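Q: Protein chains in written order, with the UniProt record's numbering: chain S, 1 to 201; chain G, 1 to 201.
Next up is a structure, given as structure tokens.
Number of protein chains: 2
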Amino acid sequence: MGETETQAVLHHGEKRATAAPEAPRSFAVADVVLRFLLFAAAVISVLVMVTSNEKKTFSVPLPTNPITLTEVTRTSKWRYSPAFVYFVVALSVAGIYSIITFLLALLALMKRSMPTKLLSHIIIMDVLLLGIVSAATGTAGAVGYLGLKGNTHTSWAKICNRYHKFCRHIGGSIVVSLIASVILVFLVLLNIYALSKRIPK
Amino acid sequence: MGETETQAVLHHGEKRATAAPEAPRSFAVADVVLRFLLFAAAVISVLVMVTSNEKKTFSVPLPTNPITLTEVTRTSKWRYSPAFVYFVVALSVAGIYSIITFLLALLALMKRSMPTKLLSHIIIMDVLLLGIVSAATGTAGAVGYLGLKGNTHTSWAKICNRYHKFCRHIGGSIVVSLIASVILVFLVLLNIYALSKRIPK
Chain S
1 MGETETQAVL HHGEKRATAA PEAPRSFAVA DVVLRFLLFA AAVISVLVMV TSNEKKTFSV
61 PLPTNPITLT EVTRTSKWRY SPAFVYFVVA LSVAGIYSII TFLLALLALM KRSMPTKLLS
121 HIIIMDVLLL GIVSAATGTA GAVGYLGLKG NTHTSWAKIC NRYHKFCRHI GGSIVVSLIA
181 SVILVFLVLL NIYALSKRIP K
Chain G
1 MGETETQAVL HHGEKRATAA PEAPRSFAVA DVVLRFLLFA AAVISVLVMV TSNEKKTFSV
61 PLPTNPITLT EVTRTSKWRY SPAFVYFVVA LSVAGIYSII TFLLALLALM KRSMPTKLLS
121 HIIIMDVLLL GIVSAATGTA GAVGYLGLKG NTHTSWAKIC NRYHKFCRHI GGSIVVSLIA
181 SVILVFLVLL NIYALSKRIP K
């Protein structure tokens, strides 16, 4: 019935799509793949961040007479910045969430359908998570940028000229969480399209 | 027809809602109101941020003999922090976007309907804007928090004990942009619900 309708419409040269009760199956596959990528991005981002701690030894002059040098060991830790703590929490939430929705998407792929109500709830949760993850990316990005460049106006000195490994990890983690945000945008886009496919025209 | 069907369904004790071709009119009204609030929040946030500049005069000792005090004038500007510049740009985009979609929502309210395609595109744009605004809130929040508390580990000194008006403005602006993010979440929630209302069950 839908088949002949499509052909009739195409025959008359109209561009209107016929009412499809479901989005194509490739949508469900893309959904599963994207959710797996989201999980991977969240896990990588958290792991790279929590392994960023770097211990460095500096030579510091002592105010003795004659002046002697002493060795001071300092450790740069992600836990020292509230921004990075929030980042790790947010990306961990994203990781756990992506496992749950990955399983739901896999179930929908096998059952060849997902209830409309569940689909719209998943979109809303995706949107909330997007807000959390992009805020975390911005937060960590702001502190990371200060670490890289410093700010002369507030005399906040950059620290990336001393802690190389630390900054490499932080930067990498932020880039991966940016990728996670983009994946979430694509997931929302895909599912809104899938939802609108169910609306008869 | 829908009325009697609903009653019949309710009579049989089933919880299934009847198929409605459109979301109730109150949704369109709420959409218009929320978009106006979003516009107000974006404008307030930008205005409070750009009026935050504060000039302060400090007494600084000069290394003369005898030591004399000299007056130094310093200005704290939002433009000095890349995070706040991004914040102002992002919230300005949100303000302009909210005017356009406010007019579209008003038009839909008067015409009593919005095409499904336009509605899904507006949801997707809302989601993108949510990403931008929440990232801006996070970015400005991270720098604002450093200004308020500083970070002893990186010896970034707090500046809010010297620039009170500046910090008040920054803080207020961040809170208002957080409200803008929440409004965007509600807008997406509302419109996804409106979209799913069009799906026959």
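Note that CB positions come from ideal geometry on N, CA and C, so glycine has one too.
Fair warning: this is a prediction, and the values are worked out from it, not measured in the lab.
#1: If you draw a straight line from the alpha carbon of S:Cys160 to that of G:Leu146, how long is it in whole angstroms?
#2: Hey, out of G:Phe166, G:Ser177, G:Ile192, G:Ile199, whose CA is closest to G:Leu37's CA?
#3: Check the Cβ-Cβ distances between S:Leu128 and every residue of chain G, and say whether any is below 8 Å.
#4: For S:Met114, count neighbouring Cβ atoms within 10 angstroms of its own Cβ and tell me buried if that reaches 16, exposed if not.
#5: Taking Cβ positions, are G:His141 and G:Ile174 nearer each other than 8 Å?
#6: Could you please tell me which residues of the stretch 129 to 140 of chain S, in chain order, have their CB closer than 7 Å to any CB of chain G?
#7: Who are the Cβ neighbours of G:Tyr193 in its own chain at under 6 Å, not counting the five residues just before and after it?
#8: Using a C-beta to C-beta distance shorter than 7 Å, which residues of chain S count as neighbours of G:Trp156?
#9: Residues of chain G with CB closer than 9 Å to the CB of S:Pro63, please, in chain order.
#10: Could you tell me the distance, in whole angstroms, from the CA atom of S:Cys167 to the CA atom of G:Asp31?
#11: Determine the burial state of S:Ile123: buried for a count of at least 16 other Cβ atoms within 10 Å of its Cβ, exposed for fewer.
#12: Interface residues of chain S around G:Ile159 at Cβ under 8 Å?
#13: Cβ atoms of S:Ala23 and S:Lys197: under 8 Å apart, would you say?
#14: Where does G:Asn65 land, buried or exposed, given buried means 16+ other C-beta within 10 angstroms?
#15: Using a 10 Å radius around the Cβ and a threshold of 16 neighbouring Cβ atoms, would you call G:His121 buried or exposed?
#16: In angstroms with no decimal places, state the Cα-to-Cα distance between G:Gly172 and G:Val33.
#17: Counting only Cβ pairs nearer than 8 Å, list the residues of chain G close to S:Ala105.
A: Considering the structure as presented:
#1: 17 Å
#2: G:Ser177
#3: yes
#4: buried
#5: Note that residue 141 of chain G is Gly in the sequence shown here, rather than His. Yes. Within cutoff.
#6: Leu130, Gly131, Ser134, Ala135, Ala136, Thr137, Gly138, Thr139
#7: none
#8: Trp156
#9: In chain order: nothing, as chain G lies at least about 19 Å away.
#10: 44 Å
#11: buried
#12: Thr154
#13: yes
#14: exposed
#15: exposed
#16: 22 Å
#17: Chain G residues near S:Ala105: none, gap ~17 Å exceeds 8 Å.
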